[in-house]
Amino acid sequence: MSLQRGATADRYGGRGPVLSGPIDQWASSHLGLDLYSSSGSQTYVSGVRWVPTRQTLDLWPSQPPRRSRASGVVLSVSPLNGVLTTSSVSTSGLVGSAPPLSSEERKARTAELLARAQGVSGAERDELLDEVIVLNIPVARSLAARYRNRGQALEELEQVACLALTRSVQAFNPDRGDDLLVFAVPSILGELKRHFRDASWSVRPPRRVQELRPRLSEAEERLTQELGRSPSIEELALELDCPAHEIEEAKSCGDLARSSSLDEPVAESGGTLAELLPVTEPGFDHSEAVAILAPACRRLKPRDRWILQMRFYDQMTQQEIADELGVTQVQVSRLLQRILTDLRRAIGAERRAKAA
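Quick note: to get the working numbering, add 3 to the position in the sequence shown (first position is 1).
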């Protein structure tokens with residue numbers, strides 16, 4: 004399959020981001036495309052437009068673009084009957100380098116496309132909405148970037164934001180206003196917050212605590228600047244008008260967002276967390292109990308030691324012990340309680356004596 008010069012330039016008027024780097028090498032290895040004209044002169048692709056509804060990547064060639072070290076999202080596609088269809092999405096070293104539109108230019112272009120889309124239907128409307136989505140993806144990415152370094156990969160947050168943008172564009176009604184972002188931005192932020200609430204917890208705290216945490220962070224930062232020190236729990240509770248115990252709960256639930264693997268390397272030793280956990284050797288607890296109880300048991304009366312032996316070594320029931328002693332089961336129960344109390348007192352006295 005050979006991509007000829009000017010293949011789709013007229014269709015999209017030359018609009019679209021510019022791919023930097025030797026695109027012929029990328030197309031050959033990832034797409035299986037031979038980007039050479041019939042005359043044999045080398046052809047580079049500078050225009051690219053991703054169409055979500057058709058799941059296609061439209062390319063058009065031009066002069067070799069400048070190189071760039073920046074990295075970005077590259078759609079890995081494969082040719083099928085002359086159409087490039089999506090097979091996977093990956094990150095690579097090719098990125099759009101066309102000068103970005105200003106906010107006013109983007110707003111005007113978005114309003115124009117939405118107005119045109121309102122008067123058509125079918126594939127033509129889908130293509131116009133696709134262009135609106137691509138035009139406003141930088142806004143979605145900037146909103147996702149607000150939540151970076153919070154335990155979630157930025158690429159995943161951008162996917163959530165772009166999906167929310169797509170839904171907003173499809174649901175937007177130009178008759179109720181001409182500014183898409185007034186409608187879309189709250190929806191995107193809501194989806195990002197919902198993503199953190201539903202997907203970023205190893206152990207999920209109650210929803211009220213999850214919703215309190217961002218408010219708590221803002222209040223804590225604001226009060227720290229005003230007071231010149233870290234605010235107390237009581238001051239935060241007064242500021243947020245909620246009980247102090249909820250403030251403490253929200254502050255302590257931060258550790259629930261991430262769990263550590265026992266196979267995770269620690270420090271510089273190269274060992275794992277599991278190797279640092281203490282292990283109780285078999286028989287250690289028994290040896291410790293014998294060492295503590297033996298001196299106290301030797302000070303008991305012979306009859307008391309006999310009762311303990313029948314109950315805990317011979318595993319006799321209280322009724323069997325009562326029959327052996329010629330007393331009632333209730334009396335045996337009281338005898339055992341008194342003997343165990345004497346043992347606790349003797350062990351406690353011995354420990355206090357050693358500590359002194």
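The C-beta atom is built at its ideal place from N, Cα and C for all residues, glycine as well.
Is it buried or exposed, residue i, if we count other Cβ atoms within 10 angstroms and call 16 or more buried?
| i | result |
| --- | --- |
| R354 | exposed |
| P246 | exposed |
| H289 | exposed |
| R314 | buried |
| E134 | buried |
| F175 | buried |
| V185 | exposed |
| H248 | exposed |
| A222 | buried |
| P305 | exposed |
| T169 | buried |
| A352 | exposed |
| V142 | buried |
| T320 | exposed |
| A148 | exposed |
| F287 | exposed |
| E194 | buried |
| E291 | exposed |
| A294 | exposed |
| E278 | exposed |
| E130 | buried |
| A240 | buried |
| P234 | buried |
| V2 | Coverage of the chain is limited to positions 4 through 359, which leaves residue 2 absent and any answer about it impossible. |
Please confirm whether residue i and residue j have their CB atoms less than 8 Å apart.
| i | j | result |
| --- | --- | --- |
| D307 | I250 | no |
| L117 | P209 | no |
| L230 | E242 | no |
| V163 | L132 | no |
| L183 | N139 | yes |
| A299 | A356 | no |
| A253 | V188 | no |
| L146 | L192 | yes |
| Q368 | Q322 | A question about residue 368 goes unanswered here, because the residues of the chain that appear run from 4 up to 359. |
| L160 | Y150 | yes |
| L303 | D345 | yes |
| I310 | L280 | no |
| A120 | D181 | no |
Going by DSSP in three states, residue i sits in which element: helix, strand or coil?
| i | result |
| --- | --- |
| T275 | strand |
| D326 | helix |
| P234 | coil |
| T113 | helix |
| D288 | helix |
| R302 | coil |
| M319 | coil |
| A156 | coil |
| R216 | helix |
| F175 | coil |
| R197 | helix |
| D182 | coil |
| L243 | helix |
| L280 | coil |
| Q312 | helix |
| Q209 | The question names Gln, but residue 209 is Pro in the sequence shown. In the structure shown, P209 sits in coil (DSSP, three-state: anything other than H, G, I, E or B). |
| R225 | helix |
| R170 | helix |
| R151 | coil |
Answer with yes or no whether the minimum CB distance from residue i to chain C is below 8 Å.
| i | result |
| --- | --- |
| H198 | The chain labelled as chain C is not found in the depicted structure, where only one protein chain is given. |
Could you pull the start and end residues of the alpha helix (DSSP H) that residue i belongs to?
| i | result |
| --- | --- |
| V142 | 125 to 148 |
| L104 | Neither: L104 is in no alpha helix (DSSP H) and is coded neither H nor E. |
| Q340 | 332 to 358 |
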